[in-house]
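Just remember that our numbering sits 2 ahead of the position in the sequence shown, which is counted from 1.
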Amino acid sequence: MWSGANRAAEEFYAVLLQEFDEEKKGICKGPFIYEADVQVQLISKGQPNPLKNILHENETMFIVEKVDSGNTSDEWQLIGFYTMAQNPNMTHLKLNRPIAALPPLWVRCDGSDPEGISWLGAELLSTSSSVTGVVLYVVTCRVDKNYSVNLEDLKKSHKKRHHLSTLTASGFARYELFKSTALDDTVAASQTTITLDISWSPVDEILQTPPLSSAATLNIKVESGEPRGPLSQLHRELKFLLVLADGLRTGVTEWPESLEAKSAVELVQEFLNELNKLNEFGDSTKKDTEIMKNDAAAVDGSIECLLTVRGQELASLNHLEYFISPSVDTQEQVHRVQKLHHILEIVVSCMLFIKPQHELLFSLTQSCIKYYEQNPLDEQHIFQLPVRPTAVKDLYQNEKPQKWRVEINSGQKKVKTIWQLSDSPPVDHLNFHRPDFSELTLNGSLEERISFTNMVTCSQVHFK
């Protein structure tokens, strides 16, 4: 039996080490199958992380899953192989010495055991010269309408498990300030969300409202073109302008479907009329229309003028010369006006839905400008803005958090106990039974509807 376990540990380590070495060389294979029933994937730092909703980790790690297995002992076996291979006392294993330390290993579980285990984890403890031990994690997750937990009980359990006399409790809460919803079945919701993250210490009780001395950050993600927003017309005009600019590049113009009873020619004519009013483009709109039909160079000039006009409209309240500079080519002007429109959507969304103070709006605008001076357009980017809780207290003090978490530790980063409540599953690979919402009252609270609780506990094993 032991010879089989030793061989399995050697082979498992070899596979993980090879994958880790290839990742360091820039070779990424993606998920692969090991021994017919084990899926292995190396998640690099910065990649989407399935544990982000629980541990807020963003480091390199192995994600492993037993295919079609509902036996938690199988998952623990993989943790055992990983730990055995990197224990320097296991000198009988046929491995190259010294042993190279691997990234943490996390094993998905299906939650079918009595505890509802969803993840098992192992992370090495090491010095500059050797591996000294391992921290073993257990993550449980439940649908828990009538959860009952006491902060003092969590503290006592942590002290007992780790034989410690002192500890600290840190809190985290996330409030959803705004989220787009679909108008109807034919119009999809935009991906606009505004949330508020608050961190503080110490924590006095479970579900404590964050004190005004906390650290707070607004997280803002805005997708342009919100149908109900005040900028929807401007966004449609921008899309039309982008079609014109793209026609310059490709020689083919694919007119977008208009939501108005106007032809493309009429819309172009309106743009030209605007230019004439500003005395920036000729004396005759008729002549300009003919030029646009026959002279590609003049068309390019027309688009540049249109971009400048639109850019000046967007930038009128802020001196954003970067976004309307005539010294760059037409395509670059297109990109910059798109960025500028996105900034305007972000600022207007915040003005409408969270009504921040002028000082906060100014800081947000400057943050967006700085980002877009150095990065391409990205409507999935989450802009983060530190704020004083006193400036946003009316937005959260009487609201229920989307997520509330307490982390108990004793000064050692990897030794912790975490309890978390959320209104959405923190684990994406489990199918939770949800209640029938038709039976719930319209004014039902978060707890009355559905709540997810998850717990993270750990233990240390020292090799020397």
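Think of the CB as a built atom: it goes at the ideal place given N, C-alpha and C, for glycine as much as any other residue.
Next on the checklist: Could you give the first and the last residue of the continuous beta strand (DSSP E) run that contains F385?
Outcome noted: F385 to V389
Next on the checklist: Taking the straight line between their C-alpha atoms, what separation do you get for K1 and R110?
Outcome noted: Because the chain spans 3 through 466 in this model, residue 1 falls outside it and cannot be assessed.
Checklist entry - Between the C-alpha atoms of K466 and I348, what's the straight-line distance to the nearest angstrom? => result 54 Å
Checklist entry - Got a sec, what are the start and stop residues for the alpha helix (DSSP H) G82 sits in? => result T74 to Q88
Checklist entry - Where in the region 191-222 do unbroken runs of the beta strand (DSSP E), each at least 3 residues long, occur, reported from the N-terminal end onward? => result 195-202
Checklist entry - Taking the alpha-carbon positions, what's the G253 to L179 distance? => result 45 Å
Item to check | For L346 and L366, believed in contact at Cβ under 8 Å, the rounded distance | outcome: Not quite, the Cβ-Cβ distance comes to about 12 Å (not below 8 Å), so this is no contact.
Checklist entry - Identify the residues that DSSP records as bridge partners of I35: which are they? => result Q41
Item to check | Endpoints, the alpha helix (DSSP H) within which H164 is located | outcome: L153 to H164
Checklist entry - My guess is that A102 and L95 are in contact by the Cβ rule of under 8 Å, so how many angstroms apart are they, rounded? => result About 13 Å separates the two Cβ atoms, so there is no contact after all.
Next on the checklist: Let's see if you can read the secondary structure: which residues bound the beta strand (DSSP E) around K68?
Outcome noted: M63 to K68
Checklist entry - With DSSP run on the structure shown, which of helix, strand or coil describes Q462? => result strand
Item to check | Length of the line joining the Cα atoms of D76 and I452 | outcome: 31 Å
Checklist entry - Between which two residues does the beta strand (DSSP E) containing S515 stretch? => result Since the first residue of the chain shown is 3 and the last is 466, residue 515 is not available in this structure.
Checklist entry - Can you round the beta-carbon distance between K223 and T183 to whole angstroms, since I take them to be within the 8 Å contact cut? => result About 15 Å separates the two Cβ atoms, so there is no contact after all.
Item to check | Three-way DSSP call (helix, strand, coil) for R407 in this model | outcome: strand
Checklist entry - On the three-state DSSP scale, how would you describe R144? => result strand
Checklist entry - Going by DSSP, which residues form a beta bridge with L107? => result F64 and A124
Checklist entry - Would you report the Cα separation of K395 and L214, rounded to the nearest angstrom? => result 8 Å
Item to check | Cβ pair Y177, Y398 closer than 8 Å | outcome: yes
Checklist entry - What do you get for P358, buried or exposed, if any count of 16 or more other CB atoms within 10 angstroms of its CB means buried? => result buried
Checklist entry - For E138, which of helix, strand or coil comes out of DSSP? => result For the record, residue 138 in the displayed sequence is Leu; it is not Glu. L138 falls in the strand class under three-state DSSP.
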